[in-house]
Amino acid sequence: MAQAESSAATPFETDFWKDAKLRKVWDDIVPGEPRKTLPYKLTQEAIALYCRAVGETNPLYLDEAAAKAGPYGGLIAPPAIHILLMFACTPADDWMRSPGTVNAGQSWSYSIPARPGDTITLQARALDKFIKRERLFVVHDNVFFNQHGDVICSGRGQTIRPM
Amino acid sequence: MTTANFESLKAGDTIDGPAFAVSRESIRLFCDASLDYNPLHLDDNYMKGDFGKTNFGGIIMHGMNNFGLISRMLTDWALPAGAIHRRLETRWLKPVKPGDTIRPAGTVKAKQISAKSRWVLVDVAVQNQRGETVAAGEAMLEFPPNAKAG
């Protein structure tokens, strides 16, 4: 399922229109079918950028010396780093990137923190799809693991698919 | 703001989150941080179109930016007490746009003791500068029995 590790060597495509035709539309999505995913090396730079975007200042995420003396014995990522991991671990033709995809709600459970240097993998699939008030919904089922096979977090989300 | 202490916490206790000023720049920064470059967050021309029965009229903030702010509030409250942010469920109620100022808040709903640990359920919401609730949900925090402030 996994392909080459995503990294700086293969720049992230920020134009979500470019591969739009390769992506599955609601009709094509098969609940239960695993999505193609990519391992992703989480860096301290990526964690720091996420922290800046939401105003996180906790030294556990940003200050190596303070984090080392803290409860986790080293730097960790904030729990909600899965916001980044979701896009980092999916390829350009994944339907999460379809322009006009609207996030309709999410729930996430946290087991252990991700850490800088971790190679993160994702197991993901659509679990269900349905129609409500003339809108096309998909239910997502996602689990992120570290390189030791430990679960970092698991989540369920709903998106409204573009028509 | 209520102290994160399992013994003394009770339903109705409140948790305050930070105000967050939303701008085109903050949304663009969130694109870079999340790698979510959906044109909903970037392209005003695209956003002039209709989405089913909805027209947003311009770019909107990522729903997950609300999620990240709520998570930040919970960890800033819980971590110093040795408590752990274990779950967050949210849904989006209104779009957030450049120029808005949003702020998350929490209200303790219930406490629960299980076979091996202790849990606090918190209702969470994000409001904009008009007092409208733009996101709402529920969080679960674990207060391990050996937590220093437990």
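Residue numbers (this note's numbering), protein chains in the order written: chain A, 589 to 751; chain B, 122 to 271.
Idealized CB from N, CA, C, for every residue including glycine.
Computed from a predicted structure; not experimentally measured.
Problem set entry | A:I617: contacting residues in chain B (beta-carbon distance under 9 Å) | Under the 9 Å cutoff, chain B gives no residues; its nearest Cβ is about 17 Å from A:I617.
Exercise. If you run the structure through DSSP and keep just helix, strand and coil, what is B:W213?
Worked result: strand
For this session: Within the segment 197 to 264 of chain B, note down every full beta strand (DSSP E) run reaching 3 residues or more, in order along the chain.
Result: 205 to 213, 222 to 234, 239 to 248, 254 to 263
Exercise. Are three or more beta carbon pairs between the segment 130 to 148 of chain B and the segment 700 to 709 of chain A nearer than 8 Å?
Worked result: Per the Cβ contact rule, the segment 130 to 148 of chain B is not in contact with the segment 700 to 709 of chain A (fewer than 3 Cβ pairs under 8 Å).
For this session: Provide the residue span of the beta strand (DSSP E) that contains B:D153, from first to last.
Result: That residue, B:D153, is in no beta strand (DSSP E); its alpha helix (DSSP H) goes 145 to 155.
Exercise. To which residues of the same chain is A:L724 closer than 6 Å at the C-beta, ignoring the five residues directly before and after it?
Worked result: W614, R749
Exercise. Thinking C-alpha only, which one of A:S699, A:D681, A:A692 is nearest B:Q216?
Worked result: It should be noted that the sequence gives Pro, not Gln, for residue 216 of chain B. Of the listed residues, the one whose Cα sits closest to B:P216 is A:A692.
Problem set entry | Identity of the residue in A:G688, A:T678, A:D616 nearest A:K717 by Cα | A:D616
Exercise. Is DSSP giving B:E161 helix, strand or coil here?
Worked result: The question names Glu, but residue 161 of chain B is Leu in the sequence shown. DSSP places B:L161 in helix when its eight states are reduced to three.
For this session: Drop a sphere of 10 angstroms on the beta-carbon of A:I740, count the other beta-carbons inside from all chains shown, and report buried for 16 or more, exposed for fewer.
Result: Buried is the call here.
Exercise. Can you find a CB in chain B that lies within less than 8 Å of the CB of A:Q711?
Worked result: no
For this session: Within 10 angstroms of the Cβ of A:M751, are there 16 or more other Cβ atoms? Answer buried if so, exposed if not.
Result: exposed
Problem set entry | DSSP bridge partner residues for A:V690 (one or two, in chain order) | A:I748
For this session: Answer yes or no: do B:F188 and B:T222 have a C-beta to C-beta separation smaller than 8 Å?
Result: no
For this session: Starting from the C-beta of A:M684, find all residues in its chain whose C-beta is less than 6 Å away, skip the five residues before and the five after it, and write them out in chain order.
Result: T678
Problem set entry | Neighbour flag for A:V690 against chain B, beta carbons, 8 Å | yes
Exercise. Hey, does B:D244 have any beta-carbon neighbour from chain A nearer than 8 Å?
Worked result: no
Exercise. Is the distance from the Cβ of B:R224 to the Cβ of A:W696 below 8 Å?
Worked result: No. Outside cutoff.
Problem set entry | Contacts around B:G170, its chain only, beta-carbon distance under 8 Å, and the 5 residues preceding and following it disregarded | N176
Problem set entry | With 16 other Cβ atoms within 10 Å as the buried cut-off, status of A:A714 | buried
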